Every structure is written in structure tokens, then in C-alpha cells.
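Heads up: the sequence shown begins at 0 in numbering that gives the first Met the number 0, then just goes up one per residue.
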Amino acid sequence: MIGAEPAVAVYAERFSWQDYLVFGMMLLLSAGVGVYHGFFGHQQKSTTEYLLGGRNLRAFPVAMSLVASYISGVTVLGTPADIYKYGSQYWIIVVGIAFMGVTVATVFLPVFCTLQIKSSYEYLEMRFDRKVRTFASLLFVFDEIVFLPIVIYVPSLAFSQVTGVGIYQIGVVVCAVCIFYTVLGGLRAVVWTDTLQIILMFASVLVVVSLGTVYIGGFSEVWGRCQEGQRLEIFNFNPNPLERHTVWSLVIGGYFYWTSFNAVNQTMVQRYLSLPTLKQAQIAIGIFTVGIIGIVTICCYTGLLIYATYHKCDPLLSEQISDYDQLLPHFMMQTVGQLKGLPGLFMAGIFSAALSSLSTILNSLPSVILEDFLFSCCSLKLSERWEQIVAKGLVLFFGILAVACLFIVEPLEGILEVTTSLTAIAAGTSFGMFALGMLFPIANGTGALCGAIASSLLVGWLSLGAHFASLNGFSRPILPVNTEGCDSLNVTLAYTTSFGNDDVFPLYKLSYLWLAPIGVTTVVSVGLLVSWLTGTEDVQLANPDLFSPVIMRFVPKLGQNRQAGTECVEINLNRHKERVSAADNIANTVS
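This is the structure we're talking about:
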């Protein structure tokens, strides 16, 4: 449990000097990329170069960075544990992920590539007003600050489990390396480091899984044991929204969840806009989608492999681990721990995923703070030199904040569940605001703001209510596990049976996958209703550049009086250009 000091399993084989060498080389390589791009690569003469890589990066490294942005240590360690406990049903989410890729590339990406903005939330001011933009930016900043320490804590816990090194010591060291290369190299360093790290993570997991499969007797043996243990369930069409995983919740809810993050979130849009053309960005999204499907598939298979390995001796019941999230490092040490250097490669891969997510957040937060708060809300004007200084200072500040929060994460019981609940509030609400703006020309700013507030309150109530219900004893049933193959142990089969607890409010039992669709639907429905009550926008005066190309055929009058509409909106479209021009004049005057 998170609220207690994590127990560390005792292994016959601990990290050897070869393992520490491999792990250390990963950190040095990451730092080296930052040094190269900070001192020897492209000269970062502008904030655009620092935060957007000059908008001339290549599709493949950006695609790898997109994958790395989403795949963290939480994903790599948490997904196999979920499959071990609940079965293979989760894999069907790849269908929703595939539809997500098509939606992002054809519906939302063309708008961002046309506008060429630094912050995705700048769009909301162009389409609606400053209040809507500020609200969405606040949600993003709050969401990322909450997530930062979790990204570091989870892999640090795994590293501590296999080495005995303190969680906080390794967390501080790794975070310091990430701050170093992000501050020095900007987005270019982040993208190229992400590329190296995601390849390392993929390779390390693939090696461990391949050897584990060979040791157990091959794929057919894994399949047979999982089938016997009731882990092979994919097509569960139960329409009950209270059931944790079904085809409906995974395909529909998973689609909305993944699209919410990958269509409009600043961490993703910032990478889309680092590419020179729309076609290059669409290629990157295609590679990203295939990569994500591949990694999710490998993580799901890893969960089945771990169950097949421990199908007769559950590590938690036999007290070899203290939490199911420790399954993968426990499996790794018992399977390949005797191969010097391989455990170090594996932990380097886990931390690579964490570093990728951390650097992505640290690079995106300054862009939002500068564009959406200092420049938009405070009307602050800075020279390019001072913009870079402030951006780098913000990276340093948020990195230190992540380390500081690391020290308070461990004592807070259920912090992972709290984080999941809080991030669900931001994801669906933000996506709903953009969907309302790009797909519904009649929506106005008042409707968007009211819809966003209503969505935040509703999803916040549902997600936090579910969390507090779990703290009060509510939990979902896991599939049967046993210890009949353990030595000198007499532990009975374990089932969690509190799912039918009548004392829990029914909506608190709702599958977490439905939170994002509820958030998006609430924003759109409330937004359209309030827009109708307060006076809808005149579609004939609208600027077509602010709307998705997929709706053009359905709204033939959109931008019909295009000259008037364009003149009306061009002021908003050119605000950031005027601000940069003014800053350049100030810089020239000072110099």
C-alpha cells in the first residue's frame, strides 16, 4: 500500500556493478543529448526554437516522442498488474486507440497546423474568449503538477525494490538529470532523448518478455495456463456501465480517454507543431498510433506471462511483494536476475519511460505559463532573451517542485487513485471545450465556459466519490489466485467480493472509463444549451480556419460572409505575432 513504507522483496540476486553501469550510462546519455543541443546543436535564438524546435523537426523522432509522452513507468508497471488481476479484457482498448489516431489526424490536427500557435489553449481565446482559455489552461497546469511526482515515484519504488536504494535518493538523481537536459536543450533535446529512451524501454521489456516466455516453455504454455486461470476474456459485451471493463467501456470510453489527451493536450500539440507541414504531422500521428498499440499489446502479454509464471503461487499472498504494482520488477529479477547487466537494462527502460513523460511535462508547462498567463492574462511583454530565461526558469521550478512533492507522495494513502481521479476531471473537460469550438459553429464563449464548469463539477464529483468509496472498503473483484504451489505456505484462494456493497452510491461504482465520455458530453450539451439561450454565433461571420474541415460540408453557410468574418477574427489570430514583434522592438532598443 502507498500509505505504508513499501516492503522490498529479498532476492538471491541484487543489482550487480554491471547493472549499475548500464543504468548509469542511460542517465549519462540523456544528459549528453541535452549538452549537445544546448551548446553544439541548433542555436536556440528564440523561444520558438526552444519550445517548438524551430518547427522543423522530423516525423519519426517526433512520433517516438509522442509515444514516450504517453508511456510512463506507471503504464509499463501498471498494465501487466491489471491484466494479472482482471484478465486480458483491457487489450480491446487498442480498437479505441486506432480510432483515436484517425480522429486526431483528420479532425483536430488541421486546425492547429493552420493557426500555428505556441499554446493549444490560445485557440480557445481565438474561438471564444480569454476566460475560456484561462479556465482550460488552469486545468492543464493543475493536472500536470499533480501528475509530476507520480511519474517519478512509481519507477523509483520499483528501483528501490530491486536494489535497496532509497526511493527518494534515486528520485532526486533522476529528476535532476531530466531537469538538466530539458533546461539546456529545449524541445530538440526532449524529442531526441525521448526517441532514445522509448527504444531502450521497448527493447528492455521485449528482452525480458522473450526470455520469460522461453523459460516457461513457450507461448502455448502461457496461453494454456492463462486459459485455465480464466485470464483470457476479451469480448465481454455486458452493457452494464458499472462493470469495470467491457467491450463498450473500453472501445467507447477508451476512445474518448485517449483522444482527450492526444487531440488537444499541450504536451501533444506542442510536438505536432514542431513539424513543418500537416502531412508530416499526420505521418507522426500514424507512427505514434501504431507504436502505442504495439506497446499496449506487449504490456498486456507481459501480464499474461506473469500470471502463467505465478499461477500456482501468487506473490502477494505469499508475501513476496507488498503490492501488485511490484509484479513486473519481481518477475524480472526472478527470471533474468542472474544475467548480469540485463536487470540494469530493464530498470533503465522503466526509468526511460518515466524520464520521457517528465521531460515532456517540464517542456510544455513553460509554454502554457508564458502564452496563457503572462502574455494573455497579464499582457506582459518580454524580449526573446528574457522569454528564454523565464522558460528555462520555469522548467527548473517545476522540476524542483516535482522533487519536493516526491517527499509527500509516499505517506498519502491512495495517491495513485487520487491522481487518476483528478486527471479525469481535466481530460474530458478540456477535450469537450475544443470539440465544442471546432465542431459546433453556433457555440459561444458563455456556453463553453458554463459547459466546462458543469463538466468539471460533475466528473469531479463522480471520480472523487469513487475514490472515497474505495477508501471506505469498496473494491472490485479480481480473478482467482492461489498459493498451492508455494513452499510451506497454507494460504487460501483470494477473492475480492465487495463489488456488491449496497452502501455505496451506484454512480460511484461507474467504470472509470466512462468519466471522459461523460465530461465531453456534458461540455457539449450544456455549452450548446447555454449558447442557444444567450444567443448563438453567426456562422456566416465565422472564420473557417477556426473549425475542423470535417464539418464544412454540413455547414454550407460557414464563412459565407468570409471577408467580414475574417477581419473580425484576424485580430485574435495575429495577437501572438504582434506580441513577438513588440518584444523584438524592445530587445533592439535595449541592445
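For every residue, glycine included, the Cβ atom is placed at its ideal position computed from N, Cα and C. Please read all numbers here as calculations on a predicted model, not as lab measurements.
How would you label residue i, buried or exposed, when you count the other beta carbons within 10 angstroms and need 16 or more for buried?
i    : result
Q596 : Residue 596 is absent from the structure shown; the chain starts at 0 and stops at 590.
Q115 : exposed
D18  : buried
Q337 : exposed
D502 : exposed
A434 : buried
T258 : buried
W16  : exposed
C225 : buried
G392 : exposed
L470 : exposed
W531 : exposed
E143 : buried
V213 : exposed
R230 : buried
K84  : buried
C449 : buried
C377 : exposed
T496 : Any reading at T496 is ruled out, since the residue's pLDDT is 39, under 50, leaving its predicted position unreliable.
A62  : buried
N237 : exposed
S462 : buried
T46  : Confidence is the limiting factor: at T46 the pLDDT is only 48, short of 50, which leaves the residue's position unreliable, though a coordinate-based value still follows. The residue in question, T46, is buried, as its Cβ has 16 or more Cβ neighbours within 10 Å.
V9   : At V9 the pLDDT is 40, less than 50, meaning the model places this residue with poor confidence; the figure from the coordinates comes in the next sentence. Classification of V9: exposed, given that the 10 Å Cβ count is below 16.
W191 : buried
W513 : buried
F330 : buried
Assuming residue i contacts residue j (C-beta within less than 8 Å), just tell me the rounded distance between them.
i    : j    : result
G100 : G285 : 7 Å
L27  : C174 : Between C174 and L27 the Cβ distance is about 16 Å, and since that is not below 8 Å, they are no contact.
F134 : A451 : 6 Å
A352 : M200 : 5 Å
V207 : I91  : Contact doesn't hold; Cβ gap of about 25 Å is too wide.
V161 : P342 : 6 Å
L326 : I305 : 5 Å
A67  : I197 : 4 Å
E597 : A442 : Within the shown structure, residues of the chain are numbered from 0 to 590, placing residue 597 beyond reach of any answer.
Report the option in the options whose CA atom is closest to the CA atom of residue i.
i    : options                : result
S273 : S209, R126, N362       : N362
F430 : Y323, L138, A307       : L138
V93  : Q325, C298, S219       : C298
H244 : P476, E227, S136       : P476
Q387 : N443, C377, E370       : E370
D193 : L354, F372, Q229       : L354
P240 : I251, F14, R230        : I251
G170 : F234, T266, I151       : I151
F111 : V263, Y83, N542        : V263
S622 : N542, T535, R552, G446 : Outside the modelled stretch of the chain, which goes from 0 to 590, sits residue 622, for which no answer is possible.
S510 : G253, S547, Q279       : G253
H466 : E242, R384, G398, F504 : F504
A453 : L528, L379, E483       : L528
M24  : M346, A104, I70        : M346
D81  : T428, V295, N542       : V295
V366 : T113, S118, G518       : The identity of residue 366 in the sequence shown is Ser, whereas the question assumes Val. Checking every option, the nearest Cα to that of S366 belongs to S118.
W222 : R270, T301, L195, C177 : T301
G484 : V389, S317, F374       : S317
L123 : V145, S547, G436       : G436
V335 : L210, E383, F406, D324 : L210
Helix, strand or coil for residue i, going by three-state DSSP, please let me know.
i    : result
V480 : strand
L318 : In the sequence on display, residue 318 carries Glu and not Leu. In the structure shown, E318 sits in coil (DSSP, three-state: anything other than H, G, I, E or B).
E266 : Here the sequence assigns Thr to residue 266, which means Glu is not the residue at that position. DSSP places T266 in helix when its eight states are reduced to three.
Y120 : coil
K311 : coil
N362 : helix
H244 : coil
G446 : helix
D537 : coil
T113 : helix
Q229 : coil
N261 : helix
R224 : helix
G591 : Because the chain in this structure spans residues 0 to 590, residue 591 falls outside the shown range and cannot be described.
D620 : This structure leaves residue 620 out entirely; the chain is present only between 0 and 590.
M551 : coil
C567 : Its pLDDT being 42, under 50, C567 is placed unreliably in this model, and the value from its coordinates should be taken loosely. DSSP places C567 in helix when its eight states are reduced to three.
P238 : coil
F14  : coil
V503 : coil
Worksheet entry | Complete alpha helix (DSSP H) runs within the stretch 125 to 159 (minimum length 4 residues, chain order) | none
Practice prompt. May I have a chain-ordered list of the alpha helix (DSSP H) segments no shorter than 4 residues that lie completely inside the stretch 323 to 396?
Written response: 326 to 335, 341 to 367
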